[in-house]
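A short worksheet on the structure shown next.
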Ligand code: ADP
Ligand code: ADP
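Residue numbers (the working numbering): 190 to 418.
Now the structure itself:
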């Protein structure tokens, strides 16, 4: 589903690569944690996958597309294959829970009948049934992140990327959010989650990829935060 072949990303004016010669494969349906200290290249790796940044070396293939050869006009179709969740939720503050999720389908031109049937299904899946009419400021952090996950998943993308999704949440809530990502993963969606949240990584026993200064220094099946190297 995702293949890095000696991928490097050096930002303009930077002297050292943010991602440095990474090679790895993430298969369809995998759940992978990407760990490493702040500045180790986790966000850059996710941004390369969604082509928000372009690699400066190597080859990267995502959902059957070679990203270095993907014309700009095909980037929207790549992005439809990828749901994204962030630390700061990024909900639309003036829209309700229902509208935040429905909007993701509206921009894809989905018919109103499909939106009306799909949004309640996905809100039920993330445990927010009954909260459709609330606004983001009326929700806890964990609930807001559930809305963001519903929005990222409502189009059933084959890939879900999560960049520090538990970074603003208390430990117990963080575990619930990762368990929700695990449930989404079990529907067949490939999940890649960048995190420094060692407690949830250790609780889940998934594949752990570790970056250090942009270099891949560990890749362990059923790993723990500290054994990722
Ligand atoms: P992490 O997500 O692990 O904290 P990042 O991918 O955000 O790591 O950052 C990796 C390195 O790239 C850091 O040195 C960071 O300062 C640098 N970096 C990240 N984004 C940019 C950018 N847009 N422009 C220049 N440098 C960047
Ligand atoms: P994260 O916690 O996800 O790693 P950061 O705080 O590192 O996020 O970065 C937040 C935003 O700032 C990102 O969009 C990243 O690309 C950008 N950024 C990070 N480091 C730099 C940098 N040195 N120069 C310019 N932009 C940067």
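The beta-carbon is built from N, C-alpha and C at its ideal position, and this holds for glycine as well.
Taking 6 Å as the limit between beta carbons, can you name the residues of its chain near residue 250, skipping five residues before and five after?
Close CB contacts of residue 250 within its chain, under the 6 Å cut and outside five residues either way in sequence, are with 192 (chain order).
Would you mind stating whether residue 348 and residue 378 have Cβ atoms separated by less than 9 Å?
Between residue 348 and residue 378, the CB-CB gap stays under 9 Å.
Can you name, in chain order, every residue of its own chain whose Cβ lies under 7 Å from the Cβ of residue 315, other than the five neighbours on each side?
Apart from sequence neighbours up to five positions away, the residues of its chain that approach residue 315 with a beta-carbon distance below 7 Å are 335, 338, 339 and 369, ordered along the chain.
Determine the contact status of residue 381 and residue 221, defining contact as a CB-CB distance below 9 Å.
By the CB criterion at 9 Å, residue 381 and residue 221 fall inside the cutoff.
So, under 8 Å CB-CB, residue 320 and residue 290 are touching, yes? Tell me the CB distance rounded to an integer number of Å.
11 Å between Cβ atoms; not a contact.
Should residue 234 be counted as a contact of ligand 1 given a C-beta to heavy atom distance under 8 Å?
Between ligand 1 and the CB of residue 234, the shortest heavy atom gap is smaller than 8 Å.
Proximity to residue 331 [Cα-Cα], best of 256, 200, 412 and 274
Nearest option by C-alpha distance: 274.
Residue 263 (DSSP reduced to helix, strand or coil)
When DSSP states are grouped into helix, strand and coil, residue 263 belongs to the helix group.
Do you know offhand how far residue 328's Cα is from residue 317's?
Roughly 10 Å between the two C-alpha positions.
Which residues in the same chain as residue 391 place their Cβ atom closer than 6 Å to its Cβ, once the five residues preceding and following it in sequence are excluded?
These residues qualify, in order along the chain: 413 and 414.
Any chance the CB of residue 354 is under 8 Å from a heavy atom of ligand 1?
With a cutoff of 8 Å, residue 354 does not count as near ligand 1, since its C-beta is closer than that to no heavy atom of the ligand.
9 Å Cβ cutoff met for residue 344 and residue 272:
In contact: residue 344 and residue 272 (Cβ atoms closer than 9 Å).
Close Cβ partners of residue 209 (< 8 Å) along its chain, the five nearest in sequence each way excluded
Around residue 209: 197, 230, 402, 403 and 404.
Just checking residue 240 against ligand 1 - is the residue's beta carbon closer than 8 Å to any of the ligand's heavy atoms?
Not one heavy atom of ligand 1 sits closer than 8 Å to the Cβ of residue 240.
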